[in-house]
Amino acid sequence: MFRIIFALLLSCFCALSAAAQEAAPAPDRSKTGGAQTLEDIMARQQGLKVDNSFRSGNTGDPAAAQMSTDQLGTRGGASDPDLWRALRFDQADITTQVRGPAATVLIQDGGMRWLTFREGPLLKYGTGFLGVTLVLLAIFYLIRGRIRIDGEKTGTTIVRFKAFERFSHWLLAGSFILLGITGIITLAGRKVLIPTFGHEAFATVAVACKWIHNNVSWAFMVALVLVFVLWVVHNLPDRTDVKWLLKGGGIFGGGHPPAKKFNAGQKLIFWSVIVLGASISASGLALLFPFELPMFAATFEKLNALGLPQMLGFAELRTDLAPHEEMQLSQLWHAIVSFVLMGIILAHIYIGSVGMEGAYDAMGSGDVELQWAREHHSLWVEEVEQSKIKKAGAA
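All residue numbers in the sequence shown are consecutive under my numbering, ending with 397.
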């Protein structure tokens, strides 16, 4: 699953960074005096990679300049087109009192690729992925129904999660739900919500969503650390996970395979939340502190060195990223990984509520029916009972 996700994400970044697989043939520019031709323009419209070196360095030469009093003379050896080319390719000598990595970048044309992808494929396929997930869960429920407790209920409960564990879980879950809702509203604002409700109505919602998203994100990151510290020991893989996976967790009948405190399915959820949540947090911090935490240029260099883009059929990823491109890639990564994690969490919510009888009690009251625990986590129940015997013997 992670290989497929990585391939999809890498495809997005390859397209966004204009690392096209096919390069455009170099046209004859002798008739245009070295300027771009119609072939150059058509190649860019087709998404082909165009070598701009023929004009990126053509920003004026004071040594070769005609006197300003002569015909076609230029001041300082640079004409207006030369100046705009220098600004376009970030080669102009810009001075400013503003400090920061993006202060001297006046033109950055990658923003249109980012905006087009953000309002098009990202919104379309992201929300479509969530919709398909909900449909599949509904179909699964209609086919399988609710997973019931097979044996006779004992009327006795066993403590599954203590209060602080439940607090950490609900802090993580509640903050993620708020972040997901406000994130989707922000993403869909320009394309969907403004045309539907108007600018003024959306402006109020957008300001509230921005405030909630920026501040609740800290609760999510704190809860992520708490959950990791509390449960990482119980989520390390072991041999029982293989048996559990081979039997499909007993979801389709055939008895429930033995499991410890967390079964293989729950471990997959745990590590998905930790890994994807950490990645979302890292890109979120880059967005909270603009231009201060660039990470994609260095990451692309490492990926190119390993040859991963080439293995997937792409050209090398661009590493000469402007500060604004770093921010745009952070926003796209933040949204894409969030959509993936939202789909996983929807499945987790389903199985922990309507999908399985007795599952919600684990995070509701913290106490679960003993028969439920024996069916789904038999090895863990044995450990708890043996621990009680040892304590009683010691007393």
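For each residue, glycine too, the CB sits at the ideal point set by N, CA and C.
**Q.** Cβ-based neighbour list, H171, same chain, cut-off 6 Å, excluding 5 preceding and 5 following
**A.** M365
Q | E387, DSSP secondary structure in three states | A | Taken through DSSP and simplified to helix, strand or coil, E387 comes out as helix.
Q: For N237, I'd like the list of residues in its chain whose CB is within less than 8 Å of its CB, leaving aside the five on either flank, ordered along the chain.
A: Contacts found: F264, Q268, K269, F272 and W273.
Q | Straight-line Cα distance separating R192 from E371 | A | 49 Å
**Q.** Beta-carbon proximity list for A221, same chain, < 7 Å, skipping 5 on both sides
**A.** L173 and S177
(Q) Please classify R150 as buried or exposed, where buried requires at least 16 neighbouring CB atoms within 10 angstroms. (A) exposed
Q.
Measuring only the C-alpha atoms, how far is K304 from A337?
A. 23 Å
Q) Which whole-angstrom value describes the C-beta separation of R148 and G357, a residue pair presumed to lie in contact below a C-beta threshold of 8 Å? A) 7 Å
(Q) So, at 7 Å on beta carbons, what are the nonlocal neighbours of F163 in its own chain, with the 5 sequence-adjacent residues on each side left out? (A) A364, M365 and G368
Q: Count the other C-beta atoms from every protein chain shown that fall within 10 angstroms of the C-beta of I391, then say buried if there are 16 or more, exposed otherwise.
A: exposed
Q) With a cut-off of 8 Å, do at least 3 Cβ pairs link the stretch 206-224 to the stretch 177-190? A) yes
Q) What residues in its chain sit with their C-beta under 8 Å from that of W382, if we drop five residues either side in the sequence? A) A261, K262, K263 and A375
Q. Between the beta-carbon of L125 and the beta-carbon of V194, is there less than 9 Å?
A. yes
Q: Could you check if M44 is buried or exposed, using at least 16 other CB atoms within 10 Å of its CB as the buried criterion?
A: exposed
Q) Taking the Cβ atom as the reference point for each residue, do W335 and F298 lie within a distance shorter than 9 Å? A) yes
Q: Please determine if the stretch 134-147 and the stretch 195-207 are in contact, where contact requires at least 3 C-beta pairs separated by less than 8 Å.
A: Under the 8 Å Cβ criterion, the stretch 134-147 does not count as touching the stretch 195-207, having fewer than three qualifying pairs.
Q. If S340 sits next to G122, beta carbons under 8 Å apart, how far is it from one beta carbon to the other, in whole angstroms?
A. About 17 Å separates the two Cβ atoms, so there is no contact after all.
Q.
What does the Cβ neighbour count give for A37, buried or exposed, with the cut at 16 atoms within 10 Å?
A. exposed
Q: Identify whether E359 lies in helix, strand or coil by the three-state DSSP scheme.
A: coil
**Q.** Beta-carbon contacts of R120 that lie in its chain and below 8 Å, excluding the five residues immediately before and after
**A.** L189, Q333, L334 and A337
Q) If we count the other Cβ atoms within 10 Å of its Cβ and call it buried at 16 or more, is E24 buried or exposed? A) Confidence in E24 is poor, its pLDDT being 49 and thus under 50, which makes the residue's placement unreliable; the coordinate value appears in the next sentence. With fewer than 16 Cβ atoms within 10 Å of its Cβ, E24 is classed as exposed.
Q. If you scan the stretch 188-236 from start to end, which runs of the alpha helix (DSSP H) of 4 or more residues do you find wholly inside it?
A. 196-199 and 201-233
Q) If you run the structure through DSSP and keep just helix, strand and coil, what is S380? A) Helix, per DSSP.
**Q.** Burial state of A394, where buried means 16 or more other Cβ atoms lie within 10 Å
**A.** exposed
**Q.** Exposure of Q47, with buried meaning 16 or more beta-carbon neighbours within 10 Å
**A.** Classification for Q47: exposed.
Q. What span of residues does the beta strand (DSSP E) with D95 cover, start to end?
A. Premise fails: D95 is in no beta strand (DSSP E) and is neither H nor E.
Q. Under the rule that 16 or more other beta-carbon atoms within 10 Å means buried, what is V275, buried or exposed?
A. buried
(Q) To the nearest angstrom, how far is the alpha carbon of L248 from that of R115? (A) Taking the straight line from one Cα to the other gives about 44 Å.
**Q.** Reduced DSSP category for V134 - H, G, I as helix; E, B as strand; rest coil
**A.** V134: helix per DSSP, three-state reduction.
Q) What whole-angstrom Cβ distance do A324 and V107 have, given they're in contact under 8 Å? A) 6 Å
Q. What residue from H378, A361, G360 and L348 has the CA that sits closest to I132's CA?
A. First, the amino acid is wrong: residue 132 is Leu here, not Ile. Among H378, A361, G360 and L348, the Cα nearest to that of L132 belongs to L348.
(Q) Given this structure, state the Cα-to-Cα distance separating S355 from M223, to the nearest angstrom. (A) 25 Å
Q.
Rounded to whole angstroms, what is the Cα-Cα separation between F291 and G153?
A. 54 Å
Q: Check whether the Cβ atoms of L289 and L343 sit closer than 9 Å, and answer yes or no.
A: No, they are not a contact pair.
(Q) Taking DSSP's pairing of strands, which residues face N321 in a bridge? (A) The residue you asked about is not Asn; residue 321 is Thr in the sequence shown. Looking at the DSSP assignment, T321 forms no beta bridge with any residue, so it has no partner.
Q: Please state if the CB of F254 and the CB of R146 are separated by a distance shorter than 9 Å.
A: yes
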